[in-house]
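*Asks:* Take this structure first; my questions come after.
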């Protein structure tokens, strides 16, 4: 009974099974979710001015300064920020993969696919966000934090249900890397398609 309630709140088994049967659709939903995130960041969110950081290094000149300035301008764009979060997310998933103890049984690409199945949730959330946007309402902060915890718990359940990783180990290897990488991008490091939500 207890497991049934958890499985209703976190329909993870259904999602990763469905995603494995419909890989093309899963990748399309993932790309659409990323595109929504980039579009919303570009169209509706006021992004900080990168030239404050660039001009801070006023005495720095030459080709290295130009490379640095290009990187900062790119990072401060909604597209660049999303690419950065994807990179951090890959590092995050690789840390989970490395500490899960299943490296000898499955390769990294196959390992991360069940985690990508959560993009179906993101599609629902983006639909809700755009409806709220019509009424000029942003998601309250506590809902964003709740979504973050939902994703982290979902990651733990994927490790437990899909890969038979022990519960304590699952919680440890999901939460500790998240805390360690949090400074590099905040909660969207667990799901880059949630940035600017």
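Numbering (this note's numbering), first residue to last: -8 to 188.
Cβ atoms here follow ideal geometry from the backbone N, Cα and C, with glycine treated the same way.
This structure is a prediction, so every number in the text was calculated from the model and none was measured.
1. Count the other C-beta atoms from every protein chain shown that fall within 10 angstroms of the C-beta of residue 123, then say buried if there are 16 or more, exposed otherwise.
2. Thinking C-beta only, is residue 79 closer than 8 Å to residue 172?
3. When you compare each of 161, -3, 126 to residue 93 by their alpha carbons, which one comes out closest?
4. Should the stretch 11 to 26 be regarded as contacting the stretch 102 to 122, the criterion being three or more beta carbon pairs within less than 8 Å?
5. For my contact list, residue 41 and residue 67 are in at a C-beta cut-off of 8 Å; report their separation, rounded to the angstrom.
6. Decide if the stretch 39 to 55 is in contact with the stretch 129 to 145; the criterion is three or more beta carbon pairs, one per stretch, under 8 Å apart.
7. Can you check which of these residues, 154, 50, 119, is closest to residue 103 by C-alpha distance?
8. Residue 24 and residue 73 - do their beta-carbons sit closer together than 8 Å?
9. Out of 90, 13, 185, state which residue places its alpha-carbon closest to the alpha-carbon of residue 115.
10. Quick one: what does DSSP say residue 182 is sitting in, helix, strand or coil?
11. How big is the Cα-Cα spacing for residue 59 and residue 83?
12. Is residue 56 helix, strand or coil by DSSP?
13. Under three-state DSSP, which class holds residue 168?
*Replies:* Here's the rundown:
1. exposed
2. yes
3. 161
4. yes
5. 4 Å
6. no
7. 154
8. no
9. 185
10. coil
11. 25 Å
12. helix
13. helix
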